[in-house]
Each structure stands twice: as C-alpha cells, then as structure tokens.
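Shown next, in structure tokens, is the structure this report addresses.
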Amino acid sequence: MKKLDFDDLTSLSSEAQQSPRKRMNRNLHSDLSDPVQRLAIAMEPDTYIRPHHHRQTWEILIPLRGRFVVLTFDDGGVVIERAVLGEGGFAVEIPAGGWHAVLSLDGGGVIFEVKCGPYAPFKEEDFSPWSPAADDDAYKELMRWFRDAEVGQRWPGCGEGGA
1 MKKLDFDDLT SLSSEAQQSP RKRMNRNLHS DLSDPVQRLA IAMEPDTYIR PHHHRQTWEI
61 LIPLRGRFVV LTFDDGGVVI ERAVLGEGGF AVEIPAGGWH AVLSLDGGGV IFEVKCGPYA
121 PFKEEDFSPW SPAADDDAYK ELMRWFRDAE VGQRWPGCGE GGA
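Following this line, the structure appears as structure tokens:
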C-alpha cells in the first residue's frame, strides 16, 4: 500500500521551500513508464508553472493542502476558465492539449496530479508562445496577474498576437 499522510505533506513542503524552483514532487507511481502518473507536488507561491499543455493526455488536479488558482487559456492567451482549488473547488480535469497554468496561493500548499504516462519531459513547444521563460524576469509579473485574472482577460504582456 502506498500512502501520503500529513507528515509526508509537511516533509514535502519543507523540501519545496529549500528547492531553488520552490516545488518538489513525490511520485506514487513506481516507474516513469507507468501508464498512469500519480504524484503529490508541493508548490510555494513563488514557484513558476509556465503556461503549458500536454498534447496527448488529460490532467486531473486535486488540492491536498492550501489553495491553487488554475487557469486555462485559448491559443492567444485569453483566460477561458478559472478555478480556485481548496476554496470551493475540489478538483479540475484539464483536457488533452488544453493550455493551463497553476499558481499556489499558500505557503505549504500541496496538489495531487494524475495524468496518463509514460512521463515525457517538456519540450519548448509544450509551453505557450506568449508566456515568458523561467529565466525571463517578466514571469514574476505574469504570476502576479494569475492571482486575479478573470475569464475573458489576456495578460497585457503577451501583446495582441502573442509574444
């Protein structure tokens, strides 16, 4: 039996706080080739989850501790859906190919993710063309915008035709 308890979440959050990326995951799947990937991800509020998509799989997100803004976007970067998990929302499923981003609102937040495997590392084309890369300081402004972004809005930094 595999389990996650409150001590595991606390330990994972501590690891995330010490990590340069401000996030850390604990896999429940045994191998990266498993057909279903299941993992808890501790995310601090200053971790950048660049808007991205998974071309071949859906993704389910469930908060275990804390609150998370989940945004989905059209190809031009307009918000098409917004959910705040852990605050009236318990789970979301993002369809295959859906552009999305996640923002942790609380220190010590942990979210659970389920998606089809096998694990595939991100390629540049998996990230939205209108979003800044992690090494571009503009991502900090995008993250501030995520906090209050509403359906129908587009991040002002992406311009009319994207980046």
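Mapping the sequence shown onto full-length UniProt numbering, position 92 (from 1) lands on 92, and the numbers just tick up by one. Just so you know, even glycine gets a beta-carbon here, dropped at the ideal spot from N, CA and C.
Runs of the beta strand (DSSP E) lying entirely within the segment 78–116, each at least 3 residues long, are 79–85, 92–94, 99–104, 109–116 in chain order. In the three-state reduction of the DSSP assignment, Met-1 falls in the coil class, being assigned neither a helical nor a strand state. Under the three-state reduction of DSSP, Arg-55 is assigned to coil, being neither helix nor strand.
Met-1 sits exposed, since fewer than 16 C-beta atoms from the chains shown fall within 10 Å of its C-beta. The beta-bridge partner set that DSSP reports for Ile-49 is empty. Secondary structure note for Arg-147: it is in no beta strand (DSSP E), and the uninterrupted alpha helix (DSSP H) holding it is 138–148. Measuring C-alpha to C-alpha distances from Met-143 to each of Pro-20, Asp-34, Leu-71 identifies Leu-71 as the nearest.
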